[in-house]
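Sequences listed follow chains A and B, in order.
Position one of the first sequence corresponds to residue 1 (UniProt numbering), numbered consecutively onward.
Position one of the second sequence corresponds to residue 1 (UniProt numbering), numbered consecutively onward.
Cβ atoms here follow ideal geometry from the backbone N, Cα and C, with glycine treated the same way.
Number of protein chains: 2
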Amino acid sequence: MDFLDEPFPDVGTYEDFHTIDWLREKSRDTDRHRKITSKSKESIWEFIKSLLDAWSGWVVMLLIGLKAGTLAGVIDLAVDWMTDLKEGVCLSAFWYSHEQCCWTSNETTFDDRVKCPQWQKWSELLVGQSEGASAYILNYFLYIMWALCFAFLAVSLVRVFAPYACGSGIPEIKTILSGFIIRGYLGKWTLLIKTVTLVLVVSSGLSLGKEGPLVHVACCCGNFFSSRFSKYSKNEGKRREVLSAAAAAGVSVAFGAPIGGVLFSLEEVSYYFPLKTLWRSFFAALVAAFTLRSINPFGNSRLVLFYVEYHTPWYMAELFPFILLGVFGGLWGTLFIRCNIAWCRRRKTTRLGKYPVLEVIAVTAITAIIAYPNPYTRRSTSELISELFNDCGALESSQLCDYINDPNMTRPVDDIPDRPAGPGVYTAMWQLALALVFKIVITIFTFGMKIPSGLFIPSMAVGAIAGRMVGIGVEQLAYHHHDWIIFRKWCRPGADCVTPGLYAMVGAAACLGGVTRMTVSLVVIMFELTGGLEYIVPLMAAAVTSKWVADAFGKEGIYEAHIHLNGYPFLDVKDEFTHRTLATDVMRPRRGEAPLSVLTQDSMTVEDVETLIKETDYNGFPVVVSKDSERLIGFAQRRELILAIKNARQRQDGVVSNSIVYFTEDPPELPPNSPHPLKLRRILNLSPFTVTDHTPMETVVDIFRKLGLRQCLVTRSGRLLGIITKKDVLRHMAQMANQDPESIMFN
Amino acid sequence: MDFLDEPFPDVGTYEDFHTIDWLREKSRDTDRHRKITSKSKESIWEFIKSLLDAWSGWVVMLLIGLKAGTLAGVIDLAVDWMTDLKEGVCLSAFWYSHEQCCWTSNETTFDDRVKCPQWQKWSELLVGQSEGASAYILNYFLYIMWALCFAFLAVSLVRVFAPYACGSGIPEIKTILSGFIIRGYLGKWTLLIKTVTLVLVVSSGLSLGKEGPLVHVACCCGNFFSSRFSKYSKNEGKRREVLSAAAAAGVSVAFGAPIGGVLFSLEEVSYYFPLKTLWRSFFAALVAAFTLRSINPFGNSRLVLFYVEYHTPWYMAELFPFILLGVFGGLWGTLFIRCNIAWCRRRKTTRLGKYPVLEVIAVTAITAIIAYPNPYTRRSTSELISELFNDCGALESSQLCDYINDPNMTRPVDDIPDRPAGPGVYTAMWQLALALVFKIVITIFTFGMKIPSGLFIPSMAVGAIAGRMVGIGVEQLAYHHHDWIIFRKWCRPGADCVTPGLYAMVGAAACLGGVTRMTVSLVVIMFELTGGLEYIVPLMAAAVTSKWVADAFGKEGIYEAHIHLNGYPFLDVKDEFTHRTLATDVMRPRRGEAPLSVLTQDSMTVEDVETLIKETDYNGFPVVVSKDSERLIGFAQRRELILAIKNARQRQDGVVSNSIVYFTEDPPELPPNSPHPLKLRRILNLSPFTVTDHTPMETVVDIFRKLGLRQCLVTRSGRLLGIITKKDVLRHMAQMANQDPESIMFN
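Okay, structure coming up:
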């Protein structure tokens, strides 16, 4: 009659800011599965229950897809409305955005649809003027006020209700998926507050995007639904499979790219990604994309504002400017990461970090003041990107398409030859150059503030501006110099040979690649945005160049850099460990340190164990045959030891402080007057992971990564020598890379 | 002065039909890398060499892409020509296919282009008649003769020059990528013969495809180029990374689907797929696709014959027939796998297998005799699939598009409403039904013969025929019953509501999924064939249904079934091991068997070791402290022991049969007259992988899979108890699944 046959509460859970043991989670899930399978043969009801259990994975995916798609749609609609609210209001229905307001009006020409009477700027509404200096100043002032309002509301909500809602969330999600516990990071409050504040900050006009935070929001949805099914709620490993799929759904709705989302989750975010998860992620990503599409937030039955289709091919000679854009993207990535990390470190270490609200207000005010006068920064960044990506068709009325038309030319709509640039294009070039500088500087200060902020969109904007400028340059060069040898072959007069919009897209890919170091997923996302295999080569050339250039200055992408900055215990799959150290160099105790705290299998009393627990803060203790032989028999978790002793003291008769603790299978017969023994074999892990002291650290790192271990014992010829924890491995890796090992903070 | 400091030849290679040790390969590569990095600081020349080494991965990918793309193009062109050669010849240039022949002619109308005067059927050329019974019989006879010729040539070439060139090659490539050695399987001869015979068998009209063999061809290219670079040629682990990428390039050119190819390699073929490989695979796949496109074998600037773009949406109600097609696909998959495996087993075990040439001739004759009279089986299977996928536009002259047009209707070309079927469609339905039965039966007998044979195309053909028939059925039902409640909402009279071509594509996906159990990669390949996100949901519904239905009858796909049939040691990542056994149940020696053969660290003579090697055939021996204590200190490979002793006897003075073999660090001082000791610590693996006897087999299987181990030692409290090899694991898994454990044949 061993009370431990009944599991006691809280066994198998982890403490906050600790690392999970993947192998253990996996074997617990198999146990669970086995139980259900054997039960399912007992009755029809149990059989149905087992079927439901088997299907619950797909149900969770469906729910995540639906919810993530809906939330993305709601966010898109709300951002659209609130961004326009900064400029004016719809008289017929105040909840309409500018575009929706003028859709419903009966005006038919394009110009009238933009300036329909129902839509009134604030100056028109308040003082009855829409032109003139005073109206401009009033509108300017109200624009800033609305922006400050939104930003203040956002930062206050984050501070008061959900501090975890700030940032992009991707570094933390990477860490969580690698097996770290951060309670509340994916909670309901975070979900709610992040959704609301995301709308606020994007509408406030700050230089940030909603794409990264959308991944966090989708993961919150994933966590929410997985806690509804015991299969996932009780197993931290299985829960992470759901979260990986949720991340894919998040990217899927952020970019309208389901395949790209799955690859992003695989390449960038996930840690443990079995094939089953691949398939389910794909399902969740598709459901999310179709939900968003049926909401149709942009009214163009596309999932993103900047979907575009090009109609002209590209030419080999253009690879040179594309590669140049790649170099620019790599340099921008390096510059951004260095400056942003330096600024964030300063925020962490100096008094600056104590005034997050003030910081947000100040940055918002500066952004709004500088952004308003320039038409390219005044509008929302997605709209800007969309305009930069667009090819100049015959119907395009934008300033960027102000070319001088040859009046003798009559051609089909889609086939417009290269033309000389008009004055509008030159003005646009100046404004774009100013916008570029402004975006570069302000994004460095914006990312990392205590509000939700993604950097996909600002990075893409930087790249798109640079790309469009290069594109227009090449186009004009080709127009004015048709006879140059590089243009002669493919760019005859009257041919449509250069597409500046494509340059913008290539530039956007390069800059995004430089900052995040994504490769395949980046190209696939861009491919899904253009819908043509045609442009993969330019995109790939730029992405590869950008990655190589950026890697030459430092291997870390922005997410890894932020993980590092925060000291999360993240063992990157991509880092290669190539040093010659051995397990014996890394294990604890080091030479000269106190010997390893161990338990013996049959000679310690309850009190001894309790003292050991009290005096140390290790997460577990190896159990050996005896202090002399030190031959390893198992490993006991601290948390479970404490619970077991507490339970035994409360419930089991006769267990007192000087009861002997037995980890052996059959405790010997005790003399009749000795206290009742405490048998703890059930909580003993009889298959602890061991390596020999001669094992190269490279292999140890590989084992930790692939098996997701939390600790590993080191032996020599069967004798226990020491222990290596994940933290030890990370510290060793930091040391080998000449970084401060103390930057690794958690266990 | 230990001669073993110099590595002796052949250390670190593997024998044929053995399994590699991934961990060891990886650490050897790291050593190599470390050496190059430290050397690169010595001189500029070494620095350049290190750069070249770092770039060699990309160079290999580029070369593979170029070669695989070129070969695919050449195969496509040759197949096109030889398929037409069975029917006639081009008078203006005999090396032109029917289509090319008539392109060059000046005829302009479509009908004239098909029947241009330069292209002559054999009967026209030989007896001057193109119509009539005698001409038909002559053409029929020559068709069969050509087919027999091609098939005989193919099977003879395979038998004489490269027996490994037969089959699809994917089961073997999966096994090789999982770490098995089959010398010559990816050799130059195999590459050459497989390419030539592939052209022959596809042209002979047998029911097989070139897609699977193209993957094999691409892998041969990969092997060829990787043996040119020492980084890959000397490391079996790194070589497999290249092969994974080559497989992606193969699928990329087979289907014109680079992303699908990478996912196929990831999901279906590869075993160890680090992120670096993902990126490189993508590069190889793209280069291959672009090479093929610049060859442009089909003259439509598409990579495959059956690329198609649909213009009408699908409707919710159509999901029902799509799911039905999924069920059909699953049933077809099950039927095919069961029958084909039964037939292949019969071929292996009975006298049938002794006459491979006769078998091929017989099957070719039967195929040709039955195929010729039916227009849908006479043409090549890719053309058939292409016609079935196609939507009936206004210009389509095929029998399948023989609808009765409403003469009052004038509409744009792409928007044709549903119409009543004409007599041609009814004839086509009958012929398709016959073709379906024929394809189903003949494919079962064709796949597995001693010729190159893929089954993607026949499977897709079966599905496409069934799908098109269902599609036409639904279309006619909708046309005649517009008022039924299921049609009323979306299928008004005069609307273009049902696309039979889409049904064909969904059916093809379902059947391919049923046979191969591909999921994500299948959907992505199909998505790249249609070029629209629109149709992912129907394709996915069919693929999932088909997989579920097929899985209900047996978990194995056709490739796994063939791996099983051949007894390859393949540890599938997808199989879940959920049994409760422990390491102690699986390890050798079992209870009652002779004790484990071990070496001791300092008490065995050279002769003892030689005797042990002679008497056993194990691949390696654990080294223990002494026979009594049995505490493990390391593991020595048989191959290296033999080489070391041979070398020592030849080169090292004083090593004789009764020299003591030392595995310890410092051999003790020996008395002066004793023979010179043999120090073998250098070949000792000091970090053998160990688990305790209580470790659940589930964990052991996981470790074998993830770390790619060859063997693992079992200990209890530091004492060596036994050993588990990959073969033991596979046998145990077979036993647990109620299969014959003796079917696992290799080590």
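Give a yes or no on whether the C-beta atoms belonging to residue i and residue j are separated by under 9 Å.
{"i": "residue 459 of chain A", "j": "residue 343 of chain A", "result": "no"}
{"i": "residue 338 of chain A", "j": "residue 554 of chain A", "result": "yes"}
{"i": "residue 209 of chain A", "j": "residue 382 of chain A", "result": "yes"}
{"i": "residue 594 of chain B", "j": "residue 695 of chain B", "result": "no"}
{"i": "residue 389 of chain B", "j": "residue 284 of chain B", "result": "no"}
{"i": "residue 461 of chain A", "j": "residue 439 of chain A", "result": "yes"}
{"i": "residue 188 of chain A", "j": "residue 149 of chain A", "result": "no"}
{"i": "residue 446 of chain A", "j": "residue 292 of chain A", "result": "no"}
{"i": "residue 20 of chain A", "j": "residue 161 of chain A", "result": "no"}
{"i": "residue 706 of chain B", "j": "residue 335 of chain A", "result": "no"}
{"i": "residue 247 of chain B", "j": "residue 177 of chain B", "result": "yes"}
{"i": "residue 362 of chain B", "j": "residue 61 of chain B", "result": "no"}
Between residue i and residue j, which are expected to be in contact by the criterion C-beta below 8 Å, what is the C-beta distance as a whole number of angstroms?
{"i": "residue 226 of chain B", "j": "residue 239 of chain B", "result": "5 Å"}
{"i": "residue 191 of chain B", "j": "residue 217 of chain B", "result": "6 Å"}
{"i": "residue 326 of chain B", "j": "residue 542 of chain B", "result": "4 Å"}
{"i": "residue 722 of chain B", "j": "residue 596 of chain B", "result": "6 Å"}
Near residue i, which residues of its chain fall below 8 Å by C-beta distance, leaving aside the five closest residues on each side in sequence?
{"i": "residue 286 of chain A", "result": "65, 252 and 258"}
{"i": "residue 629 of chain B", "result": "719"}
{"i": "residue 267 of chain B", "result": "518, 519, 520 and 521"}
{"i": "residue 607 of chain A", "result": "657 and 658"}
{"i": "residue 589 of chain A", "result": "595, 596 and 722"}
If we count the other Cβ atoms within 10 Å of its Cβ and call it buried at 16 or more, is residue i buried or exposed?
{"i": "residue 568 of chain B", "result": "buried"}
{"i": "residue 443 of chain B", "result": "buried"}
{"i": "residue 710 of chain A", "result": "buried"}
{"i": "residue 146 of chain A", "result": "buried"}
{"i": "residue 523 of chain B", "result": "buried"}
{"i": "residue 670 of chain A", "result": "exposed"}
{"i": "residue 493 of chain A", "result": "exposed"}
{"i": "residue 281 of chain B", "result": "buried"}
{"i": "residue 733 of chain A", "result": "buried"}
{"i": "residue 472 of chain A", "result": "buried"}
{"i": "residue 592 of chain B", "result": "exposed"}
{"i": "residue 666 of chain B", "result": "exposed"}
For residue i, which residues of its own chain have a beta-carbon under 7 Å away from its beta-carbon, when the five flanking residues on both sides are left out?
{"i": "residue 103 of chain B", "result": "none"}
{"i": "residue 350 of chain A", "result": "none"}
Here's a check: name, in chain order, each residue in its chain whose Cβ is nearer than 6 Å to the Cβ of residue i, leaving out the five neighbours to either side.
{"i": "residue 511 of chain A", "result": "329, 332, 459, 462 and 463"}
{"i": "residue 56 of chain B", "result": "229 and 231"}
{"i": "residue 378 of chain A", "result": "371 and 372"}
{"i": "residue 73 of chain A", "result": "292, 295 and 297"}
Is it a yes or a no for the region 731-747 of chain A touching the region 647-659 of chain B, going by three-plus beta-carbon pairs under 8 Å? no
The region 27-47 of chain B touching the region 686-701 of chain A, judged by at least three CB pairs closer than 8 Å: yes
Segment contact, 8 Å Cβ cut-off, at least three pairs: the region 189-207 of chain B with the region 141-158 of chain B: yes
Just checking, does the region 127-136 of chain B make contact with the region 516-531 of chain B on the three C-beta pairs under 8 Å criterion? no
When the Cβ atoms of the region 85-104 of chain A are set against those of the region 113-129 of chain A, are three or more pairs found closer than 8 Å? yes
Are the region 634-645 of chain B and the region 681-690 of chain B in contact at 8 Å, needing three or more beta carbon pairs? yes
Do the region 364-384 of chain B and the region 172-179 of chain B touch if we need at least three Cβ pairs shorter than 8 Å? no
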